[in-house]
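See structure below.
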Amino acid sequence: MISSALGVWNYWVVFLLMMIGLFLVIGRQNFLKKIVGLTIFQTSVFLLYITFGKIKGGTPPILNNINETIYSNPLPHVLILTAIVVGVATTALGLSLVLRINSEYGSIEEEDISAQDLVDYHDQIETSKTVSIKFKK
Amino acid sequence: MISELIINAFLVSIMLAIAIALLKARTVIYTVLLTSAYSLVAALMFITLDAVDVAFTEASVGAGISTILFLAAMAFLPKKEEKNVTNQAFPALLCLTLGGVLIWCSFDLPEIGLATSPIHQHIVPEYILGSRDDIGIPNIVTSVLASYRGYDTFGETIVVFTAGIAVLAILKNNKTSLKKIKSQKKVAENGQ
Amino acid sequence: MDNNPILRIATKILFAPIILFGLYVQFHGDFGPGGGFQAGVIVASAFILYAIVFGLEKGKELFPLSINLFLLALGGILYGGVGIASMMLGDEFLSYNVLGSSQQAGQHIGILLVEFGVGLTVSNVMIALFYAFASFESSNGEKK
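Residue numbers (our numbering), protein chains in the order written: chain A, 455 to 591; chain B, 201 to 392; chain C, -3 to 140.
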């Protein structure tokens, strides 16, 4: 009973972490927080995969000379190992985009940026109006 | 086995606590350091789950380099997060619903550590035997990574390479910003 | 930060051992935990530590950007080159059996070269990322 409850607890917390990450991505305005949310989500998926690969009483998948050793599943380890490094590279890409946005708009809050875009858009409409009026004259 | 599970549950609860603290964090430095701590606890978890290679990678990449990159980027960003203006009820509701569905589905997942679960049946026994007989390398993860799944790793290396090149391209030539060019154009048009 | 003697001397002492440890992780990856990805990051961290403590200019003197970009591409080319070489010797792409005298020897050579390529690319991508972030100049200085 206790062991099965503990066995499910791992999955549950992984799902909760996933949802916290998702909430940080879709619920927050700050772009840096969004990227941190992506990192949280990523790590929770890694945990899920590694949890699947665990075998009771197994050893890390490094061969030894003892017969009948149970090795934990190495396949998820391989997938996640590469995914971690790729994850950092893509996080860096996201950070660089945030830096550029900050230097363009002077803010990394979503509301600020869309408001500035709206102002720009109306400016553009007005200038095009004046241009067309000039053209008619 | 029970003790392993208890350590596991304890570490995963620490991760949950850090994630909840992240929800409340408002300053950037606090956020970055909490993320680093989160990665470090994740690395500990990977060790208890027998994934030593992954733990090594997570400790060096997730807790090390990624924190350095965040700190380097932080120098140019606002130090504080502003209070949310929009309503957060809808995203929260969405996440809660999705989380509830996932937890409901988790009852169909195999129990942790069961040797008969489907994931252990298919190709992995061949990899373990092949690593001993065909390749002759003790670390099965390395032999799967570089030999059996060499295409995969090639693709990942190219992705890392491409991401690096893309960051260099994005961060270069920042001085002539797009908005300045636009405003200069505007001035030129108005002058005509 | 470059006026603090403790940091300077500790960096000078630690620099070589970090790279040595990186090489150990790289070439011991066949027998224990480790491999190209981890080793690349460890070697990169030595150069990043140097650049943080002594300043970006000194760091770029030690490890110039041109060499960095060259090695960045070389890693991927090395990986692909091993695949092409195995094709030239009459087997499939990235099938290492034909590279050595026996099957196991060929696999050993192939895995060693491929992991080295991964290590080169990862370490140089990390250093390049750090250089890019550290030398970024914010253009909105006048706004604040």
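Note that CB positions come from ideal geometry on N, CA and C, so glycine has one too.
Just to confirm, are residue i and residue j a CB contact at a threshold of 9 angstroms?
i	j	result
Gly262 (chain B)	Thr497 (chain A)	yes
Val232 (chain B)	Lys279 (chain B)	no
Asn464 (chain A)	Glu563 (chain A)	no
Ile538 (chain A)	Val254 (chain B)	yes
Ser561 (chain A)	Gln570 (chain A)	yes
Ile494 (chain A)	Thr235 (chain B)	yes
Leu68 (chain C)	Val110 (chain C)	no
Leu205 (chain B)	Ile312 (chain B)	yes
Val467 (chain A)	Val212 (chain B)	yes
Glu258 (chain B)	Phe500 (chain A)	yes
Leu486 (chain A)	Ala273 (chain B)	yes
Leu470 (chain A)	Ala219 (chain B)	yes
Asp250 (chain B)	Pro514 (chain A)	yes
Asn527 (chain A)	Val324 (chain B)	yes
Thr545 (chain A)	Leu269 (chain B)	yes
Ile15 (chain C)	Val39 (chain C)	yes
Val367 (chain B)	Ala128 (chain C)	yes
Val121 (chain C)	Phe361 (chain B)	yes
Leu222 (chain B)	Ile480 (chain A)	no
Ile175 (chain C)	Ile44 (chain C)	Residue numbering for chain C in the displayed model covers -3 to 140; residue 175 (chain C) lies beyond these limits and cannot be assessed.
Leu572 (chain A)	Ala209 (chain B)	no
Leu517 (chain A)	Ser331 (chain B)	yes
Return no unless some Cβ of chain C is closer than 9 angstroms to the Cβ of residue i.
i	result
Pro514 (chain A)	yes
Ser236 (chain B)	no
Asn284 (chain B)	no
Ala546 (chain A)	yes
Ser347 (chain B)	yes
Ile220 (chain B)	no
Leu478 (chain A)	no
Tyr230 (chain B)	no
Val367 (chain B)	yes
Val539 (chain A)	yes
The alpha helix (DSSP H) spanning residue i covers which residue range?
i	result
Gln22 (chain C)	1 to 23
Asp253 (chain B)	252 to 257
Ser266 (chain B)	266 to 274
Tyr46 (chain C)	32 to 50
Thr248 (chain B)	228 to 248
Gly548 (chain A)	528 to 559
Gly491 (chain A)	485 to 507
Glu111 (chain C)	99 to 130
Among the options, which one has its Cα closest to the Cα of residue i?
i	options	result
Ala47 (chain C)	C:Leu108, C:Val110, C:Phe89, C:Thr7	C:Thr7
Phe27 (chain C)	B:Thr316, B:Leu368, B:Phe290, B:Pro338	B:Pro338
Ser91 (chain C)	B:Cys295, B:Leu294, B:Ile335	B:Ile335
Ile489 (chain A)	A:Val552, A:Ile520, A:Ser557	A:Val552
Ala369 (chain B)	A:Tyr575, A:Ser568, A:Leu547, A:Asp574	A:Leu547
Ser550 (chain A)	C:Leu125, C:Asn64, C:Asn120	C:Leu125
Gly102 (chain C)	C:Val121, C:Gly79, C:Ile123	C:Gly79
Asn519 (chain A)	B:Tyr348, B:Leu329, B:Phe354	B:Leu329
Ile319 (chain B)	A:Tyr503, A:Thr581, A:Ile579, A:Phe469	A:Tyr503
Gly512 (chain A)	B:Phe307, B:Val252, B:Gly350	B:Val252
Leu146 (chain C)	C:Phe23, C:Phe59, C:Glu57, C:Gly72	Not covered by the structure: residue 146 (chain C). The range shown for chain C is -3 to 140.
Ala42 (chain C)	C:Phe11, C:Arg4, C:Ile2	C:Phe11
Tyr230 (chain B)	B:Ile202, B:Pro310, B:Glu281	B:Glu281
Glu133 (chain C)	B:Arg349, B:Ala275, B:Leu294, B:Ser260	B:Ala275
Leu65 (chain C)	B:Leu371, B:Asn390, B:Ile365	B:Ile365
If you measure from the beta carbon of residue i to each beta carbon in chain A, is any gap under 9 angstroms?
i	result
Phe23 (chain C)	no
Ile206 (chain B)	yes
Val387 (chain B)	no
Leu249 (chain B)	yes
Asp334 (chain B)	no
Gly262 (chain B)	yes
Val110 (chain C)	no
Met215 (chain B)	yes
Ile312 (chain B)	yes
Val118 (chain C)	yes
Val143 (chain C)	The structure shown has nothing for residue 143 (chain C), since chain C only spans -3 to 140.
Asp244 (chain B)	Sequence check: residue 244 (chain B) is Leu here, not Asp. Answer no: the Cβ-Cβ gap between Leu244 (chain B) and chain A never drops below 9 angstroms.
Phe129 (chain C)	yes
Can a CB atom of chain B be found closer than 9 angstroms to the CB of residue i?
i	result
Glu53 (chain C)	no
Leu16 (chain C)	no
Asn464 (chain A)	yes
Ser97 (chain C)	no
Val583 (chain A)	Looking at the sequence provided, one finds Lys at residue 583 (chain A) rather than Val. Closer than 9 angstroms: no.
Pro1 (chain C)	no
Given 8 angstroms as the limit, is there contact between the region 334 to 350 of chain B and the region 526 to 533 of chain A, that is, 3 or more CB pairs closer than that? yes
With a cut-off of 8 angstroms, do at least 3 Cβ pairs link the region 101 to 121 of chain C to the region 17 to 34 of chain C? yes
Given 8 angstroms, three or more beta-carbon pairs between the region 244 to 260 of chain B and the region 284 to 298 of chain B: no
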